[in-house]
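Be aware that the sequence shown starts at 0, since it is given in numbering that gives the first Met the number 0, and climbs by one per residue.
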Amino acid sequence: MRIHVCFADLKTEPWVEGLRSALPQAEIQAWTPGAAQADHAVVWAPPQQFLDEQPRLKGIFNIGAGVDALLKLRLPPEAVVVRIDDGGMAVQMAEFVCHAVIRHFRELDGYEADVKQGKWSFRRPRERSDFPVGIMGLGVLGQRVARAVGHFEFPVLGWSRMPKALPKVRCFAGDGQFGDFLAATRILVCLLPLTPGTQGIMNAKNLSRLKPDGYVINVARGAHLVDDDLIALLDSGRLAGATLDVFQTEPLPPEHPFWRHPRIAMTPHTSARTLRDESIAQIAGKLLALERGEPIAGVVDVERGY
Ligand code: NAP
Ligand code: GLV
0 MRIHVCFADL
10 KTEPWVEGLR
20 SALPQAEIQA
30 WTPGAAQADH
40 AVVWAPPQQF
50 LDEQPRLKGI
60 FNIGAGVDAL
70 LKLRLPPEAV
80 VVRIDDGGMA
90 VQMAEFVCHA
100 VIRHFRELDG
110 YEADVKQGKW
120 SFRRPRERSD
130 FPVGIMGLGV
140 LGQRVARAVG
150 HFEFPVLGWS
160 RMPKALPKVR
170 CFAGDGQFGD
180 FLAATRILVC
190 LLPLTPGTQG
200 IMNAKNLSRL
210 KPDGYVINVA
220 RGAHLVDDDL
230 IALLDSGRLA
240 GATLDVFQTE
250 PLPPEHPFWR
260 HPRIAMTPHT
270 SARTLRDESI
280 AQIAGKLLAL
290 ERGEPIAGVV
300 DVERGY
């Protein structure tokens, strides 16, 4: 069995080494143009040339949760696309989102600014019930985030494509319930996959439906957000602030207004990192199961887009 590793902008060597240890029976190499046909591929945003040269791939294992970059490409006809499901990302996402929610709710930025100026001053405690957290996307990551936010006793709402029943989460589904979900949300968390149906979903129209002083946390993809609409809503006072981990162009260009906006907190696409050892173990296990013809988790529905 031959496996090619093909990444844009990421070192392949540690993955090749790790995969060789996990799958000693396989021949594993970093792809170079013209390489022999492989059975499987481990990829992150590969070039089209790679897929065009590998028409008989059986499995394409994406080393992240989001497959939007991969699905833009022409895929080999028989290949099953498999993404990382959780692999240690869900707990990272839960801690990141809880941190952002709590930082906003407890006004920690304000306290930090006070302390820097030598001020010992208190703010009036706020009511948790006034800060319902609405999570768009109730998949592997969204459900874990919903549980974690719920531990801090914020009201939790969630929105997905298909109806769900989750403990202590007020669930909404589909376009028909989207307006009600937004109207009941003050802190909006985006954990949707990027698809034609979700691109630009955080636009002026939708963000204006949030409760007053809404707050946006985008940890999914930059293209879910219409940047100019967010800035206009922050500047008009309609929204209170935002925490952004993902951007339309990454790295964020130096001239982008987000860098200097006083009510935007940013991180460089780091809210939930792919953990190499856990991911290699997950991919190796799934690849062998796929070879045996067994069902595996994380198979992407290419038509649906996630
Ligand atoms: P997932 O398990 O596939 O969950 C996706 C969720 O989104 C599902 O609940 C799905 O609804 C819902 N959804 C999809 N399209 C929808 C639509 N049109 N309307 C309403 N709901 C819709 O994905 P995941 O593993 O949780 O990951 C989510 C995303 O997080 C990834 O695609 C990736 O872009 C992003 N991510 C970011 C980072 C980071 O570091 N910033 C790290 C990892 C992942 P159903 O349940 O009804 O299907
Ligand atoms: C990271 O953004 C991922 O999709 O895993």
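C-beta atoms are modelled at their ideal positions from N, C-alpha and C, and glycine is treated no differently.
In terms of DSSP beta bridges, what is residue i paired with?
i: I2; result: I27 and H39
i: T338; result: Within the shown structure, residues of the chain are numbered from 0 to 305, placing residue 338 beyond reach of any answer.
i: S159; result: A172
i: V80; result: I59
i: V298; result: V81
Just to confirm, does residue i get its C-beta within under 8 Å of one of the non-hydrogen atoms of the ligand NAP?
i: D244; result: yes
i: A145; result: no
i: G175; result: no
i: A172; result: yes
i: V114; result: no
i: W30; result: no
Following a CB-centred definition, is residue i positioned closer than 8 Å to any heavy atom of the ligand GLV?
i: T197; result: no
i: I83; result: yes
i: A7; result: no
i: T357; result: No information on residue 357 is available, as it lies outside the stretch 0 to 305 that the chain covers here.
i: R223; result: It should be noted that the sequence gives His, not Arg, for residue 223. Answer for H223: no, Cβ out of range of the ligand GLV.
i: A25; result: no
In terms of residues, what are the limits of the alpha helix (DSSP H) holding residue i?
i: A288; result: R275 to E290
i: F49; result: Q47 to E52
i: N205; result: A203 to L206
i: F177; result: F177 to A182
i: I101; result: M88 to F104
i: V144; result: V139 to H150
i: D67; result: D67 to L70
i: D227; result: D226 to D234
i: W14; result: E12 to A21
Which same chain residues end up closer than 8 Å to residue i when comparing Cβ atoms and leaving out the 5 residues on each side of it in sequence?
i: A29; result: H3, V4, C5, T11, E12 and V15
Here's the rule: buried if 16 or more other CB atoms are within 10 angstroms of the residue's CB, otherwise exposed. What is residue i?
i: R55; result: exposed
i: R82; result: buried
i: R303; result: exposed
i: H150; result: exposed
i: E285; result: It should be noted that the sequence gives Lys, not Glu, for residue 285. That one is buried.
i: F121; result: exposed
i: Q24; result: exposed
i: V66; result: buried
How far does the beta strand (DSSP E) with residue i in it reach, from first residue to last?
i: I134; result: V132 to M135
i: L187; result: I186 to C189
Is residue i a contact residue of the ligand NAD, with contact defined as CB to any heavy atom under 8 Å?
i: M135; result: With respect to the ligand NAD, the structure offers nothing, as its ligand set consists of the ligand NAP and the ligand GLV.
Using a Cβ-Cβ cutoff of less than 7 Å, which residues in the same chain neighbour residue i once the five nearest sequence positions on both sides are dropped?
i: L50; result: L72, R73, L74 and P75
i: L224; result: M201 and N217
i: Q36; result: Q53 and R55
Once the 5 residues before and after residue i are set aside, which same chain residues still bring their CB inside 6 Å of it?
i: A147; result: A93 and C97
i: A182; result: R208
i: F153; result: R127, F130 and V132
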